[in-house]
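Residues in the sequence shown are numbered from 39 upward in steps of one, following this note's numbering.
Cβ coordinates follow ideal geometry from the N, Cα and C atoms, glycine included.
The structure appears right after this line, and notes come after that.
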Amino acid sequence: MGIETSCDETGVGIVRGTELLADAVASSVDEHARFGGVVPEVASRAHLEAMVPTVQRALDDADLTLADLDGIAVTAGPGLAGALMVGVGAAKAYSIATGVPLYGVNHLSAHIAVDTLENGPIPEPAIGLLVSGGHSSIMMVEDLAGKVTQLGASIDDAAGEAFDKVARLLGLPFPGGPYIDRAAKEGDRAYVRFPRGLTAAKDMERHRYDFSFSGLKTAVARWIEARRAEGEDVPVNDVAAAFQEAVCDVLTRKAILAAKEHGVDTILLGGGVAANSRLRTLAAERAEEAGITLRHPRPKLCTDNGAMVAALGSHLVAAGVAPSRIDFPANSSMDIEVVSLADRL
Ligand code: KG4
Ligand code: ZN
């Protein structure tokens, strides 16, 4: 069983090997929408209320009881401290009550591991393009049970954050990613050419696999302001499509480059932004041209859920990795390269 509470989704998933048995998610997103972003304290309280019922729902969906579990995994970080503590506390209680081993795992590795539920074992090494609300990283996955290294990352905003901020500029609801995705389907992606961060020759030397989306967000804001100053309407669908294109262009270009330059022939997409339809299409086109295999989970498994944590836990058990010490802490800024917390602190 995997428990996820790093942000605003209370997720409980159950897997057997790489087979998905249950994926129960309770979201507090509606409670945050009017603030235009996740309010940590509201999220923590919502997790507290949803935790036990969501565990029960997952068990019911899988037609199992607590006594059937062989292990429990929980997101130990990174994420919102108070939110993480609810999941970690619950997981410890369930582990003690059932006597099964407990694994404190990394949310980001779980975003990669979830792909095993749909596409089977991950060929190693693989390049992981991890794009969520808090991270945009290119990861080298040599061993999903313990050796993942970051080749590059955003030096400012995460990709999902850029989607959410630009959605706000366009008057679209929170979280903006899915709304931009939808609007962009009706828009012209060549309507404006927004800047591609860190792709100039000098940046490619220092920041070869890094991203920057803050300049892009500012460019969109300025474009919208100028348009409004002229008293003209903002073509929301076109701006959404052009912005989305700029993000997806850089993400896919750099992920393919990293794969080629490291002699790796598999790329995995993971994280909430991996649900983006244009990112999936463009990545597939470019991977095919480069002779690289592209893998990604279905959109529902890209955004936060408990199945991804269960998938990673199951992989760790199969790989013979030792469980975590019962007194491990929730770590809001957990190192992206730490897959799971060891049996010693
Ligand atoms: O992985 P995730 O569910 O939570 C974090 O770990 O942060 O990612 C959430 C992010 C949000 O910024 C959301 O707007 C974005 O993923 N997102 C999308 C799409 N679906 C979710 N961005 C672009 N297109 C989508 N279809
Ligand atoms: Zn996530």
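At a threshold of 6 Å, residue 133 does not count as near the ligand ZN, since its beta carbon sits no closer than that to any of the ligand's heavy atoms. Note on geometry: alpha-carbon atoms of residue 181 and residue 203 lie some 34 Å from one another. Relative to the ligand ZN, the beta carbon of residue 195 is positioned no closer than 6 Å to any heavy atom.
Closest option to residue 370, judged by alpha-carbon separation, among 211, 98 and 142: 142. In this structure, 114 is the residue among 45, 106, 114 and 98 with its C-alpha nearest to the C-alpha of residue 372. The way I'd put it, the segment 345-363 does touch the segment 131-141; three or more beta-carbon pairs between them come closer than 8 Å.
A direct Cα-to-Cα measurement between residue 169 and residue 228 gives close to 23 Å. Beta bridge pairing from DSSP links residue 111 with 40 and 141. Relative to the non-hydrogen atoms of the ligand ZN, the Cβ of residue 170 comes within a distance shorter than 6 Å of at least one. Within the same chain, 183 come within 6 Å of residue 357 by CB-CB distance, once the 5 residues on both sides are set aside.
By the criterion of at least three beta-carbon pairs nearer than 8 Å, the segment 296-311 is in contact with the segment 152-164. Of the candidates 177, 151, 81 and 63, 177 places its Cα closest to the Cα of residue 374. Of the candidates 126, 312, 212 and 279, the residue whose Cα lies closest to the Cα of residue 197 is 312.
Cβ-Cβ distances below 6 Å link residue 250 to 193, 194, 235 and 236 in the same chain, with the five nearest sequence neighbours on each side left out; the list follows chain order. The C-beta distance from residue 343 to residue 63 rounds to 5 Å, short enough to meet the 8 Å contact threshold. For residue 287, the shortest C-beta to heavy atom distance toward the ligand KG4 is 6 Å or greater. Residue 200 counts as buried, since at least 16 other C-beta atoms from the protein chains shown sit within 10 angstroms of its C-beta. Taken atom to atom, the span from the alpha-carbon of residue 82 to that of residue 380 is near 26 Å. Relative to the ligand KG4, residue 311 has its C-beta within less than 6 Å of a heavy atom. The Cβ-Cβ distance between residue 121 and residue 43 falls below 7 Å. In the DSSP assignment, residue 123 falls within the alpha helix (DSSP H) that extends over 119-136.
Judged by DSSP secondary structure, residue 242 falls within the alpha helix (DSSP H) whose first and last residues are 239-244. Put simply, of 268, 78, 316 and 94 the residue whose alpha carbon is nearest the alpha carbon of residue 223 is 316.
Cβ-Cβ distances below 6 Å link residue 275 to 221, 224 and 225 in the same chain, with the five nearest sequence neighbours on each side left out; the list follows chain order.
By alpha-carbon distance to residue 56, the top candidate from 103, 80 and 158 is 158. CA-to-CA, the gap between residue 284 and residue 257 works out to about 11 Å. The beta carbon of residue 86 sits closer than 8 Å to the beta carbons of 124 from its chain, once the five residues preceding and following it are set aside; these are given in chain order. From the listed residues 345, 252, 377 and 378, the smallest Cα separation to residue 153 is found for 345. When 331, 378, 325 and 349 are compared, the shortest CA-CA separation from residue 155 is found for 349. CA-to-CA, the gap between residue 320 and residue 174 works out to about 17 Å.
The three-state reading of DSSP puts residue 154 in helix, counting H, G and I together. Judged by DSSP secondary structure, residue 360 falls outside any beta strand (DSSP E); it is assigned neither H nor E.
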